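A.B. asks:
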Amino acid sequence: MRLLAALVALACATAAAGSPAEAQEPQKVPAPVAAAPEIEAAVRALVSDRAFKDAKVGISIVDVESGRVLAASGEHVPLNPASNAKVYTAAAALATLRGDFRYETTLSGVLKSGEVTGALVLRGSGDPSLQTSDLVRMVDDLREPRRSARRRWHRRRPAGLRRRIRASRI
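Going by my numbering, the sequence shown opens with residue 3, and the numbers climb by one from there.
1. Where does Lys114 fall in DSSP's three states?
2. Within 10 Å of its beta-carbon, does Ala73 have 16 or more other beta-carbons around it, so buried, or fewer, so exposed?
3. Could you name each continuous alpha helix (DSSP H) segment of 4 residues or more that falls completely within the stretch 69-104, going from the start of the chain to the end?
4. Excluding the five sequence neighbours on either side, which residues of its own chain have a C-beta within less than 7 Å of the C-beta of Arg149, listed in chain order?
5. So for Ala121, helix, strand or coil by DSSP?
6. Let's see if you can read the secondary structure: which residues bound the beta strand (DSSP E) around Val64?
7. Output the boundary residues of the alpha helix (DSSP H) element that contains Ala57.
8. How would you write the range of the alpha helix (DSSP H) that Leu48 sits in, first residue to last?
9. Classify Leu96 as buried or exposed, calling it buried when 16 or more other Cβ atoms lie within 10 Å of its own Cβ.
10. With the cut-off set at 8 Å, would you say Ser75 and Val49 are in Cβ contact?
11. Please return the same chain residues whose Cβ sits closer than 7 Å to the Cβ of Asp65, not counting the five positions on each side in sequence.
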């Protein structure tokens with residue numbers, strides 16, 4: 003009986019919520035206007051940057067007060083939107099840390115007879131691009147360094163560290 007009452011209540015709520023709203027005209031997107039040359043140049047430089055050669059990039063810079071498009075590139079390409087917070091975070095980090103800054107994520111632990119014993123400690127520095135796959139790769143590199151990572155880890159890794167990780171906690 004409770005199930006029937008819940009289904010009836012759900013049907014009533016769905017019917018009430020589904021009532022048609024007044025049709026609205028689609029919002030018109032203003033056409034691009036002559037923008038400051040430095041804005042257009044910055045957009046062109048960003049889009050043509052080699053770092054984005056395999057990426058889909060869509061940019062539209064709009065004057066908030068007038069709604070005019072000041073510069074745009076790839077604005078009609080369908081993309082999954084990135085979090086706007088990431089844009090602000092990246093801009094603040096770039097302004098504060100400068101372009102040559104590199105985040106550092108390290109693993110450390112006590113090495114005894116070729117094994118990491120006790121705790122294996124991950125120390126991060128807030129790298130926004132760090133992914134779970136990066137952490138797995140770091141541990142794999144400790145166990146068995148790949149050729150591409152060998153030179154990098156030999157400089158920082160004590161001899162024999164790659165043999166075994168037997169940490170009580172990670």
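Ideal Cβ positions, reconstructed from N, Cα and C, are used throughout, including at glycine.
Remember, predicted model here, so these are calculated numbers, not experimental data.
C.D. replies: Let me spell this out:
1. For the purposes of this step, residue 114 is taken as residue 112 along the sequence shown, with counting starting at 1. Of the three classes helix, strand and coil, the one that applies to Lys114 here is strand, per DSSP.
2. Your numbering for residue 73 matches position 71 in the sequence shown. Looking at its Cβ environment, which holds 16 or more other Cβ atoms inside 10 Å, Ala73 is buried.
3. 86-99
4. Residue numbering aside, residue 149 sits at position 147 when the sequence shown is read from its first letter. Confidence is the limiting factor: at Arg149 the pLDDT is only 49, short of 50, which leaves the residue's position unreliable, though a coordinate-based value still follows. Cβ neighbours of Arg149 beyond the five flanking positions: none.
5. The residue you call residue 121 lines up with position 119 of the sequence shown. In the structure shown, Ala121 sits in a strand (DSSP, three-state: E or B).
6. Translated into positions along the sequence shown, residue 64 becomes position 62. Start and end: 61-64.
7. Within the sequence shown, numbered from 1, the residue matching residue 57 stands at position 55. From DSSP, Ala57 is part of no alpha helix (DSSP H); its letter is neither H nor E.
8. As a working mapping, residue 48 is identified with position 46 in the sequence shown. Looking at the DSSP string, the run of the alpha helix (DSSP H) that includes Leu48 is 39-50.
9. For the purposes of this step, residue 96 is taken as the residue at position 94 of the sequence shown. When all chains shown are included, Leu96 counts as exposed.
10. Taking the first residue of the sequence shown as 1, we reach residue 75 at position 73. Taking the first residue of the sequence shown as 1, we reach residue 49 at position 47. Cβ atoms of Ser75 and Val49: closer than 8 Å.
11. Taking the sequence shown and counting its residues from 1, the one referred to as residue 65 is at position 63. Closer than 7 Å at Cβ, skipping near neighbours: Leu72.
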